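Using our numbering, the first residue of the sequence shown is number 330, and each one after it goes up by one.
Glycine included, every Cβ here is placed at the ideal spot set by N, Cα and C.
Everything numeric in this text was worked out from a predicted model, so none of it was measured.
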Amino acid sequence: MRLIELKYHRPILGATTYSVPVPTSWEELTPEQLLRVGHLLYARKLDIYRFRVELLRILVQLKWHHLMMLGGAYLVELFPFVSFIEENIDLRTQKIPEIKIGLTRYFGPIGDFATLRAEEWTACDEAFLDFKESQDPTHLDKLVAILFRRRQKGMWTGHSQWAGDYREPYREHTVARRQEAFQKIDQRIRYATLIWWIGCRLEWEELFERVFKSKSEGPESFGWEETLMKLSGAEFGTDSETRSTHMYKLMLKMESSLKDDEYRREQERLTRRKHAH
């Protein structure tokens with residue numbers, strides 16, 4: 330957080346100073362700020378000046394009278410304080426811990442991708458990619474319905490089987506029912522979830538660079554589903570066992586295998602070159 334002080338003149342009351350802590354990164358946003366920023370990014374169509382003014386209202390907590398008192402030139406000087414929103418999304422923390430509908434509470438994952446198992450992760454990423462291609466928000470509704478589930482009975486942080494996750498295991502056939510129920514929730518949650526997914530995915534794209542590069546450059550396939558089928562076998566067990574493995578572990582295996590293949594091909598190239606001379 331950064332404390333900034335704004336000085337302006339009020340009629341009759343005279344000079345005054347407005348002090349406010351302002352976030353300097355996505356991680357420092359409050360849940361309410363994330364909801365508002367997500368809605369601003371994806372649901373509202375504003376020119377760049379108005380967009381930045383709205384960011385100031387959210388992150389610097391400016392009221393309408395502040396905007397009028399400070400004036401346009403002063404506001405432009407404040408734009409750098411909110412510029413990180415226009416840069417890469419680096420949010421790794423799930424800031425919407427639960428959704429409540431009536432007496433029912435649905436819990437989201439804690440933290441980043443660490444607790445997501447392969448079947449859940451691939452279903453989420455397919456929903457994300459579908460939204461990225463079509464911009465149809467129903468795909469985001471599906472993303473939320475996959476991630477947010479009821480609490481596993483009796484699960485708490487001191488439980489003997491606690492593994493950083495309150496939620497019931499992912500089951501594909503329950504998604505449609507939750508997606509229908511979630512039509513009643515604050516729709517800004519869909520954009521906050523999207524931002525979290527993008528932030529965590531960007532981290533993985535850097536960490537598992539070869540995996541994501543091979544997926545984007547390879548021939549058309551059946552996506553991550555095909556990947557899970559190929560990984561099933563001796564190391565990760567049956568198809569069902571592979572799908573219940575944490576996706577991080579599978580990604581690590583794929584990245585390691587691709588790295589080894591890359592090294593082997595380079596050694597073969599050097600050997601051929603040596604024999605050619």
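Please identify the residue among Thr-503, Ser-489 and Lys-482 whose C-alpha is closest to the C-alpha of Arg-496.
Here residue 496 refers to the residue found at position 167 when the sequence shown is read from its first residue. Here the closest residue by C-alpha is Lys-482.
Give me the Cα-Cα distance between Gly-562 and Arg-530, rounded to the nearest whole angstrom.
Here residue 562 refers to the residue found at position 233 when the sequence shown is read from its first residue. Here residue 530 refers to the residue found at position 201 when the sequence shown is read from its first residue. The alpha-carbon atoms of Gly-562 and Arg-530 are separated by roughly 26 Å.
Considering only residues of the same chain and omitting the five flanking positions on each side of Glu-534, which have a CB-CB separation below 6 Å?
Reading the sequence shown from its first residue, position 205 is the one you call residue 534. Phe-541, listed in sequence order.
If you compare alpha carbons, which of Thr-451, Leu-358 and Gly-440 is closest to Ile-414?
Counted from its first residue, the sequence shown places residue 414 at position 85. It is Leu-358 whose Cα lies nearest to the Cα of Ile-414.
Thinking C-alpha only, which one of Leu-523, Lys-471, Val-382 and Trp-526 is nearest His-502?
For the purposes of this step, residue 502 is taken as the residue at position 173 of the sequence shown. The residue with the shortest Cα to Cα distance from His-502 is Lys-471.
Between which two residues does the alpha helix (DSSP H) holding Thr-422 run?
In the sequence shown, counting from the first residue as 1, residue 422 sits at position 93. From DSSP, Thr-422 is part of no alpha helix (DSSP H); its letter is neither H nor E.
Identify the residues that DSSP records as bridge partners of Val-348: which are they?
Start at 1 with the first residue of the sequence shown, and residue 348 comes out as number 19. For clarity, residue 348 is Ser in the given sequence; the question names Val instead. Ser-348 pairs with Glu-334.
I need the straight-line Cα distance from Val-389 to Ser-348, nearest angstrom please.
As a first step, residue 389 must be located in the sequence shown, where it is residue number 60. As a first step, residue 348 must be located in the sequence shown, where it is residue number 19. The straight-line gap from Cα to Cα measures roughly 9 Å.
Roughly how many angstroms separate the alpha carbons of Tyr-577 and Glu-455, rounded to a whole number?
The sequence position of residue 577 within the sequence shown is 248, counting from 1. The sequence position of residue 455 within the sequence shown is 126, counting from 1. Distance between the alpha carbons of Tyr-577 and Glu-455 is about 17 Å.
Would you call the segment 498–515 in contact with the segment 429–442, where contact means no fewer than 3 C-beta pairs closer than 8 Å?
A contact exists between the segment 498–515 and the segment 429–442.
Just to confirm before moving on: does the CB-CB distance between Ala-474 and Arg-446 stay below 8 Å?
Translated into the one-based positions of the sequence shown, residue 474 becomes position 145. Translated into the one-based positions of the sequence shown, residue 446 becomes position 117. No, the pair does not count as a contact, with Cβ atoms beyond the cut-off.
Going straight from the alpha carbon of Thr-345 to that of Arg-386, what length do you get?
Looking up residue 345 in the sequence shown gives position 16. Looking up residue 386 in the sequence shown gives position 57. In a straight line, the C-alpha of Thr-345 is about 19 Å away from that of Arg-386.
Nearest-angstrom Cα distance between Asp-376 and Leu-369?
Residue mapping note: residue 376 aligns to position 47 of the sequence shown, counting from 1. Residue mapping note: residue 369 aligns to position 40 of the sequence shown, counting from 1. Near 11 Å, if we compare the C-alpha coordinates of Leu-369 and Asp-376.
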